[in-house]
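Read in UniProt numbering, the sequence shown has 58 at position 58, and its numbers run on one by one without any break. Taking it in order: structure first as structure tokens, then the write-up.
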Amino acid sequence: MRLDKFLKVSRIIKRRTLSKEISQASRVKVNDKTAKPSTKLKEGDIIEIAFGRSILKVKVLCLKEHVLKEEADSLYEIIEEIKKEEDYEKEETQI
């Protein structure tokens with residue numbers, strides 16, 4: 001399954017066009033390599049996504065073409081979620 005489609009089906013990113021744009025902006029890595037929207041995923045792959053001030057790292061558990069909203073989180077496991085606090089601290093000290 002393509003990376004952009006997996007991000008949409010798993011509901012990590014709501015729209016496929018948005019997942020494609022984020023991938024094209026080099027903000028997504030698969031197994032520590034910058035990934036294109038067309039990157040083929042397999043079970044066990046590690047995806048790292050940079051969202052503004054946070055980074056989400058997930059492991060692909062299952063690949064399905066269609067899944068119910070309630071079951072979407074069964075496609076992946078969150079390994080790590082990092083929020084960049086130093087940006088907030090810098091803003092607070094400047095005020």
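Glycine is no exception: its CB is placed at the ideal position from the N, C-alpha and C atoms. Note that the coordinates shown come from a computational prediction; the quantities given were computed from them, not determined experimentally.
Starting from residue i, follow the beta strand (DSSP E) in both directions and report where the run begins and ends.
{"i": "Val60", "result": "54-60"}
{"i": "Val30", "result": "28-30"}
{"i": "Lys69", "result": "Where Lys69 is concerned, there is no enclosing beta strand (DSSP E), given that its DSSP letter is neither H nor E."}
Taking the alpha helix (DSSP H) that residue i falls in, what are its first and last residues?
{"i": "Glu21", "result": "16-24"}
{"i": "Lys5", "result": "3-9"}
Of the choices the options, whose alpha-carbon is the least far from that of residue i?
{"i": "Lys40", "options": "Gly52, Lys5, Ser19, Ile22", "result": "Lys5"}
{"i": "Ala50", "options": "Ile13, Val9, Met1", "result": "Ile13"}
{"i": "Ala25", "options": "Met1, Glu71, Gly52", "result": "Gly52"}
Rounded to whole angstroms, what's the CA-CA distance from residue i to residue j? Just pull it up for me.
{"i": "Pro37", "j": "Leu75", "result": "18 angstroms"}
{"i": "Glu91", "j": "Ile55", "result": "Legend: pLDDT at Glu91 = 48, less than 50; position of this residue unreliable, no value from coordinates given."}
{"i": "Lys64", "j": "Val9", "result": "8 angstroms"}
Any chance the stretch 22-38 sits against the stretch 77-86, with 3 or more Cβ pairs inside 8 angstroms? no
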